[in-house]
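Protein chains in written order, with the numbering used here: chain U, 1 to 324; chain B, 325 to 648.
Okay, here's the thing in structure tokens:
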């Protein structure tokens, strides 16, 4: 009996040891394969930590990075309208047009809790203390030959107009002053009037409904020539040749608080020109397909718009007809 | 003795079995983990077949796909000038400008062996049998609202000019007839004259040196207005508003056959206009930085150009001065 027990223990011991040895061998083999792979394929690196969870030395997770990643996913929830030269900021995402030295589009996600009560008031150029201290500055992440400079706007006759509005971002307000987020706008009658009105309207929507996604960008609209042909014409300012857009658009998605509430979409196009003071913003509602056509962008790619989004734009959009 | 042998055999048998069981268990565990991963992370799919080489059911390698990948890496050896809306074809790579309905740039790699002897001859519109049968057609991989159509070019007064020249591609010639690879060009005096001359020059270079990389694309150059400001102006044709570029560029990299030979770079810019017949192509040499500035592209990113590339362009480029 004693020798039988001994034999059993030896067999069991061998069994357990060899099982572990086999598991270890295969684990080691696969890990080595992975390490070789990583040298050619960086994606393998991300996969490795997910397959082999029981590791002696755990790979520390970068929490700041993953928080930023979550924020990015949140901002871009409704997809990228285009993928040219994407720049990430703390509170908004931007696609940069290197040829025109102005953004293709800027995307923000506004939430009522982050806006605070200051939202409804006018942004009051220079009056708000925190804002007056922030200075416009070039974004050094853009290569120098495609970068707009402060000198380009000086004496140009145009305002440095925000795409992502400064008033929308209280904690990271300084980042909206990068010149990547700036476009030449007519000052009196547009940037300081109708465009400001639209920005305040967006903030009011946010306070009321809680969550609004905003895409903002320039349009370079073709004009009919006298001979019947069409042509594109727009000014360039400064030695870096910063384009002056003919129009600006805002595409809004308002998320309803109701349990089964669908998101609601609205699009506005305003001409970069002096607009009468007594305008009604409703007159500038626009079919999103017109914006897409002129800007070369695609919004909400893959979503069935007709089902999901409201469509409150007029049958024949007046915006481009009145302000060609 | 007999029982000792028996015990040894039992122990050895257990050892081998359990080793294999352990290895199998770990393999199975890792594979299941991978399968779960693949549902969230498509990259894991590509990694899986590379880690576990000993599989009962081998995943067949897609040879055509990997050959295409190698071809792509070869064509884009000198980097991507821009990353907007990339389209891959069998023999060239293209970045598409959705706003202008014309490519940003097209990149080809020409080799002497693939060109054959037909290269030096004129492309002879309609005379080469294989070419005359190929018809221009819209590229359905571009969303319909950004797609140029045949009707846009009809009666426009412009030629359908190839960016990647049809004569450079004997085996996949039909793909150069997609309208993504086409731009409106002045016919007489440009597309059928100077531009053709440049294309033949590129093929001659290839036959002589063996390997030439070609980037081709449009430029929309600003003009000085009478009031001293600058503006961009270009025509649009057809109902899809296809832009008519003011200039076209070609950036060439000629690879030397010599053992220590450096690659040699040349850039040409031709105005999309009637050019005199007796032109000298040398007059159209251009500083690559001017092309980058106007087109918003960046060539040979990360390479130290001054070291690697020849610079034979004139001190003050005449091209833009003579043909503003």
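Here a beta-carbon is modelled for each residue, glycine too, at the ideal position from N, C-alpha and C.
When we look at the beta-carbon of residue 552(B) and count the other beta-carbons within 10 Å, is it buried (16 or more) or exposed? exposed
When you compare the segment 243-251 of chain U with the segment 137-148 of chain U, are there three or more beta-carbon pairs, one atom per stretch, that lie closer than 8 Å? no
Bounding residues of the alpha helix (DSSP H) (the contiguous stretch that carries residue 526(B)): 519-533
Would residue 219(U) and residue 288(U) qualify as a contact pair, given that the criterion is a beta-carbon distance under 9 Å? no
Give the residues of chain B in contact with residue 20(U), contact being defined as C-beta atoms less than 8 Å apart. 346
Let me confirm a value: residue 30(U) is counted as buried when at least 16 other C-beta atoms fall within 10 Å, else exposed. Which label applies? buried
Hey, does residue 555(B) have any beta-carbon neighbour from chain U nearer than 9 Å? yes
Put residue 174(U) into one of helix, strand or coil per three-state DSSP. helix
Identify the continuous beta strand (DSSP E) that holds residue 162(U) and give its terminal residues. 159-162
Measuring only between beta-carbons, confirm whether residue 424(B) sits less than 9 Å from chain U. yes
Compute the Euclidean distance between the alpha carbons of residue 383(B) and residue 492(B), then round it to the nearest angstrom. Its pLDDT being 48, under 50, residue 383(B) is placed unreliably in this model, and the value from its coordinates should be taken loosely. If I take the Cα positions, the gap works out to 37 Å.
Chain B contacts made by the segment 129-162 of chain U, where a contact means CB separation under 8 Å: 143, 145, 146
Name the DSSP bridge partner or partners of residue 329(B)? Bridge partners of residue 329(B): none, in fact.
To the nearest whole angstrom, what separates the beta carbons of residue 558(B) and residue 232(U), a pair I think is in contact under 8 Å? 6 Å
CB contact below 9 Å: residue 421(B) versus chain U: yes
Report the neighbours of residue 407(B) on chain U: residues whose CB is nearer than 8 Å to its CB, in chain order. 83, 84, 85
Whole-angstrom distance between residue 565(B) and residue 504(B), CA atom to CA atom: 14 Å
Chain U within 9 Å of residue 509(B), Cβ atoms only: no
Alpha helix (DSSP H) containing residue 612(B): first to last residue? 612-619
Expressed to the nearest angstrom, what Euclidean distance is found between the alpha-carbon atoms of residue 432(B) and residue 66(U)? 39 Å
Could you tell me whether the Cβ of residue 296(U) comes closer than 9 Å to any Cβ of chain B? yes
Out of 95(U), 8(U), 275(U), 87(U), which has the shortest C-alpha to C-alpha gap to residue 298(U)? 95(U)
Separation of residue 532(B) from residue 221(U), as counted between CA atoms: 46 Å
Just how far apart, CA to CA, sit residue 211(U) and residue 77(U)? 12 Å
Quick check: the Cα distance between residue 520(B) and residue 35(U), rounded to an integer number of angstroms? 51 Å
Under the DSSP definition of a beta bridge, which residues are partnered with residue 435(B)? 535(B)
Looking at the structure shown, is residue 192(U) part of a helix, part of a strand, or coil, going by DSSP? helix
Is the Cβ of residue 293(U) closer than 9 Å to any Cβ of chain B? yes
From residue 426(B) to residue 562(B), what distance separates their C-alpha atoms? 13 Å
Starting from residue 264(U) and walking both ways along the beta strand (DSSP E), at which residues does that stretch end? 264-271
Quick check: residue 75(U) and residue 136(U), are their CB atoms within less than 9 Å of each other? no
Using a C-beta cutoff of 9 Å, does residue 397(B) count as contacting chain U? no
Whose C-alpha, out of 456(B), 424(B), 509(B), is nearest the C-alpha of residue 470(B)? 424(B)
Counting only Cβ pairs nearer than 8 Å, list the residues of chain U close to residue 335(B). 10, 11, 14
Please identify, using Cβ separations under 9 Å, the residues of the segment 256-275 of chain U that lie next to chain B, in order along the chain. none
Can you check whether the C-beta of residue 103(U) is within less than 9 Å of a C-beta belonging to chain B? no
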